[in-house]
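Data block below; observations after.
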Amino acid sequence: MAHPKRKISKTRRDKRRTHQKLSEKAIAICPTTDTPHLFHHAYVVEGDLYHKGKLAIKNYTANAQ
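Using UniProt numbering, you'd call the opening residue of the sequence shown number 1 and step up by one each time.
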């Protein structure tokens, strides 16, 4: 196995990690129901499944397959 020849300092390690960040998710507001949801995802409001602002499945349950 490979072993480092010298110890990498905390500063050098942290400089390498500066670009590893999470970005915020883009959140959309549905024009029909006024609820926040993720772009390109279906979402449930009061038991009904919506997608692109339109009712996709009425009385939706998550285990209906």
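Using N, Cα and C, we set each Cβ at its ideal position, and we do this for glycine too. Nothing here was measured: the structure is a model prediction, and the numbers come from that model.
Per DSSP, which one or two residues make a beta bridge with residue i?
i            : result
alanine 28   : His37
histidine 51 : Lys54
tyrosine 43  : Tyr50
Find the nearest neighbour of residue i within the set the options, judged by alpha-carbon distance.
i            : options                       : result
histidine 51 : Thr61, Ala62, Asn59 and Cys30 : Cys30
alanine 62   : Asp34, Arg6, Gly47 and Lys5   : Gly47
threonine 33 : Lys21, Gly53 and Asp14        : Gly53
lysine 25    : Lys15, Leu38, His19 and Arg17 : Leu38
Enumerated in chain order, which unbroken segments of the alpha helix (DSSP H) with a length of 4 residues or greater are wholly contained in the UniProt region "Disordered" (1-22)? 10-16
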